[in-house]
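J.: If you read the protein sequences in the order shown, they are chains E, W and A. Reminder that position 187 of the first sequence reads as 186 in numbering that gives the first Met the number 0, one-by-one numbering, no gaps. Reminder that position 49 of the second sequence reads as 48 in numbering that gives the first Met the number 0, one-by-one numbering, no gaps. Reminder that position 14 of the third sequence reads as 13 in numbering that gives the first Met the number 0, one-by-one numbering, no gaps. The structure's right below; bear with me while I get my questions together.
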Amino acid sequence: MKNYLKLLNFEVNRFFKLYLTLIGLIIVSQFIGAIVVSKGYMNVTDQVINKNQLSVSQYIKEYGLFSFEQFVGSEWFVLPILFSIAMLMIYVFFIWYRDWFGKNTFIYRLLMLPTERITIYFAKLTTIMLLVLGLVTLQILLIPIEIKIVTSIIPTDFRSDFSSSHFDSLEMLVWLYPNAFIEFILIYGVGLILVAVLFTAILIERSYGLKGIFFAIVYGMLSFGVFIAPILLNVFSNDYFYALEIFLMLLVMSIIVLGSAIWIANHLLKYKIRV
Amino acid sequence: MIEVKNVEKKYGRKRVLKGLSFTAEKGEITCLIGINGVGKTTIMKAIMALTPINSGEILIDGKKIRKESFEKVTFIPDTITMLPQMKICDAFSFMADFYKNWDPQRAEELLQFFKLDPTERIANLSKGNMAKVNMILGLALNVDYLLMDEPFSGIDIFSREQIAEVFTSHLIEDRGVIITTHEISDIEHLIDRAVLIDNGEVLKEFSVEEVREKEGKSVVDVMREVYRG
Amino acid sequence: MTVKFNNRDPVYVQVIRHFKEQIAKGYFEPGQEIPSRRELANQLKINPNTAQRAYKEMEEQGLIFTEGNMPSCITKDEAVLKSVREELIIEAVDLFLGSIKSIDVPLSEVLELVKKKHDAESGEAEESK
């Protein structure tokens with residue numbers, strides 16, 4: 000357990016500089032975006048009102064209120080998120096391959112540590128999950144601040160209601176931070192299983208070389224197939240099952256897929272891995 | 000003692016190790032000798048479970064390798080086993096963190112003996128200095144067995160002399176050491192046993208002093224006989 | 000102490016020989032303390048096991064002795080020391096005889112040459128003092 004925490008600490012630290020850069024990027028881009036989009040709206044609004052000599056209510060009737068979605072849908076908001084997602088997805092692979100390549104043969108040291116080798120796997124897995132969680136938390140914390148920024152620029156008359164509960168319906172964000180705890184578990188659970196399967200696929204490649212890539216892909220597809228089997232079963236049996244039953248079957252399949260990912264990874268790390 | 004028993008290994012179709020067997024005792028320096036590519040490094044990696052074997056057995060003090068074994072055996076490969084951006088002192092902290100058997104004082108001693116600066120980053124070290132740091136990572140561990148892969152290759156003669164000095168010191172005494180080399184003549188007088196390997200097999204395994212005494216031959220002489228015959 | 004080792008004779012035998020030479024030449028005094036096994040290994044750049052073996056042999060041959068936990072010392076036994084000197088001299092003589100055997104020269108002439116050379120060199124040594 001101690002070694003797991005030490006390795007986890009180590010892995011998180013390795014990515015930390017890049018992580019801070021991502022955080023910085025998100026904050027800067029979104030804050031600037033909040034200002035730019037709001038000011039932009041006000042400028043346009045002022046222009047139109049002056050040009051056409053409209054009153055406020057006339058303008059609003061014609062052009063509608065400013066909704067927070069206008070900011071949330073802008074590149075300022077979205078691009079840093081997409082960029083971070085891309086970075087993290089790359090890191091899912093890089094977190095392993097970085098220890099093999101370049102002037103780096105750190106994998107020797109990792110595999111020679113006096114600890115069960117699966118600990119390395121768990122540490123890297125947890126790292127990814129923490130990094131994702133961290134960014135999501137960051138976003139949740141940023142939203143109220145961004146609301147403040149927007150509301151300080153756009154007067155009340157021009158905006159629609161910005162209360163927090165409003166965001167539940169925002170399509171953009173609902174899959175990022177679901178409001179129900181169960182939804183949270185589900186989505187991150189699926190994410191966890193996905194990363195676990197990817198990790199095991201990477202280890203398959205590292206153990207078997209070129210033909211390993213083939214096996215890895217087959218393994219990935221098999222895992223996916225097993226996972227969605229309940230859904231397929233339901234479709235082919237013409238909706239025979241209740242939602243709860245499908246859910247329970249999916250849960251069982253998830254456990255099977257996750258369990259086998261870990262079991263295979265453990266076996267590979269102990270007996271098949273090559274440096 | 001480390002026992003390698005009938006180890007078979009294939010890379011694809013090619014049989015790299017063909018029923019290879021030898022033993023290395025604690026308190027002795029055993030040298031695996033053979034041309035480049037014959038499989039010496041592979042054997043070492045196999046002992047450390049860093050590469051799989053197809054069949055055969057490798058036992059360390061009678062047991063198969065487990066996680067505890069890594070406090071008993073360590074491997075010094077010809078590449079650095081730390082992150083290049085780490086400073087030497089960071090590398091030492093890492094070792095202290097994970098290994099109970101890490102001896103920080105000995106690491107410090109060796110650092111001074113090799114005249115290295117602990118604040119230097121590993122990526123900025125010369126090849127010779129990197130090899131020395133790698134050595135320290137192995138020698139400062141209170142392990143019973145040390146595996147060193149080509150400790151003398153590719154480094155300048157002064158670094159080599161320094162490293163050779165380590166072999167004659169208390170740092171090696173009482174430990175079991177397996178080294179590989181393809182340049183045996185430099186270190187003939189340092190080793191206890193020689194294992195001649197060719198074509199994935201052990202051709203001859205012998206005590207160096209015994210052969211000198213009984214047959215008046217040096218290791219190089221034996222090599223000539225064995226590899227030609 | 001630097002000794003050049005050849006790779007064909009057992010190293011421990013060469014170490015013992017080196018000690019005998021040092022004794023015969025008077026560099027090692029009777030009763031003089033000698034380095035520990037480890038120190039010797041380090042000084043001569045040899046395997047500590049070899050140093051160990053050499054010491055063991057020398058103990059058995061009576062060349063050195065160890066009292067309890069004290070460092071080992073050269074023997075004070077005159078008989079042993081004498082035989083060591085003799086051994087080396089006889090070796091040199093054997094070597095010498097072997098070299099000149101093939102040259103067809105009467106022994107008296109050879110001994111004349113030896114004496115002449117010896118005197119000349121000790122003469123030089125005297126002058127340079």
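Glycine included, C-beta positions come from ideal geometry on N, C-alpha and C. Here the structure is a predicted model, which means the values were calculated and not measured.
1) What is the DSSP secondary structure of Lys102(E), counted as helix, strand or coil?
2) Closest by CA to Phe226(E), which one among Glu68(E), Gly188(E), Tyr239(E), Tyr241(E)?
3) Can you list, in chain order, the residues of its chain whose CB lies under 6 Å from that of Thr29(W), leaving out five sequence neighbours each side?
4) Suppose the cutoff is 7 Å on Cβ atoms and the five residues either side in sequence are ignored; what does the same chain contact list for Thr118(E) look like?
5) Would you mind telling me which residues of chain E sit closer than 7 Å to Ala122(W), beta carbon to beta carbon, in chain order?
6) Grab me the residues of Val11(E)'s own chain with a C-beta within less than 6 Å of its C-beta, minus the 5 sequence neighbours each way, in chain order.
7) Against chain W, does Glu61(E) count as a neighbour if the rule is that its beta carbon must be under 8 Å from one of theirs?
8) Using the C-alpha atoms, what's the distance from Lys71(W) back to Gln13(A)?
9) Taking the straight line between their C-alpha atoms, what separation do you get for Tyr54(A) and Pro51(W)?
10) Is Lys216(W) close to chain A? Criterion is C-beta to C-beta, closer than 8 Å.
11) Does DSSP put Asp185(W) in a helix, in a strand, or in coil?
12) Quick check: the Cα distance between Thr80(W) and Ile73(A), rounded to an integer number of angstroms?
13) What ranges does the alpha helix (DSSP H) occupy inside the segment 42-97 of chain W, keeping only unbroken runs of at least 4 residues that lie completely in it?
14) Taking Cβ-Cβ distances shorter than 8 Å, what residues in chain D pair up with Leu189(W)?
15) Val132(W) and Leu124(W) - do their beta-carbons sit closer together than 8 Å?
16) Could you give the distance in angstroms between the alpha-carbon of Asn265(E) and the alpha-carbon of Phe198(E)?
17) If you count every other CB in all the chains shown that lies within 10 Å of the CB of Gly137(W), and 16 or more means buried, which is it?
18) For Gly32(E), which three-state DSSP category applies?
19) Flag Tyr96(E) as yes if its beta-carbon sits less than 8 Å from any beta-carbon of chain W, otherwise no.
20) In three-state DSSP terms, what is Asn183(A)?
21) Hey, quick one: how far does the beta strand (DSSP E) through Thr29(W) stretch, first residue to last?
22) Under DSSP, the beta strand (DSSP E) around Leu124(E) begins and ends at which residues?
23) Our contact map puts Leu191(E) next to Met111(E) with C-beta atoms below 8 Å; I'd like the distance itself, whole angstroms only.
24) Report yes or no: do the segment 149-168 of chain W and the segment 8-21 of chain W share at least 3 C-beta pairs separated by less than 8 Å?
25) What does Lys271(E) reach in chain W if we use C-beta pairs closer than 8 Å?
26) For Val194(E), does the count of other Cβ atoms within 10 angstroms reach 16, so buried, or fall short, so exposed?
27) Between the segment 144-162 of chain W and the segment 177-190 of chain W, do three or more beta carbon pairs fall short of 8 Å?
28) Could you check whether the Cβ of Phe214(E) sits closer than 8 Å to any Cβ belonging to chain W?
29) Among Tyr239(E), Phe235(E), Tyr218(E), whose alpha-carbon lies nearest the alpha-carbon of Leu257(E)?
30) Nearest to Ile75(W) by alpha carbon, out of Lys99(W), Ala45(W), Glu160(W), Ala130(W)?
31) Closer than 7 Å by C-beta to Leu130(E): which residues in its own chain qualify, once you throw out the five before and the five after it? Chain order, please.
32) Taking beta-carbon pairs under 7 Å, can you tell me which members of the segment 191-211 of chain W lie near chain A?
33) Do Arg120(W) and Gln161(W) have their C-beta atoms closer together than 8 Å?
34) Under a three-way DSSP split, which group does Phe205(W) fall into?
35) What are the boundary residues of the beta strand (DSSP E) that includes Ser20(W)?
36) Return the first residue and the last residue of the beta strand (DSSP E) that Asn48(A) is part of.
T.: Answer, in terms of the structure:
1) coil
2) Gly188(E)
3) Ala23, Ile177, Arg192
4) Asn2, Tyr3, Leu6
5) Lys102
6) Thr126
7) no
8) 34 Å
9) 44 Å
10) yes
11) helix
12) 47 Å
13) 87-97
14) Among the chains of the structure shown, chain D does not appear; the protein chains present are E, W and A.
15) yes
16) 11 Å
17) buried
18) helix
19) no
20) Lying outside 0 to 128, the shown extent of chain A, residue 183(A) is not represented and no answer is given.
21) 28-32
22) Where Leu124(E) is concerned, there is no enclosing beta strand (DSSP E), although the alpha helix (DSSP H) it sits in stretches over 117-152.
23) Not really, about 28 Å apart at Cβ, beyond 8 Å.
24) no
25) Pro51
26) buried
27) yes
28) no
29) Tyr218(E)
30) Ala130(W)
31) Phe14, Tyr18, Leu87
32) Asp191, Glu208, Arg211
33) no
34) strand
35) 13-23
36) Note, Asn48(A): premise wrong, no beta strand (DSSP E); alpha helix (DSSP H) at 47-60.
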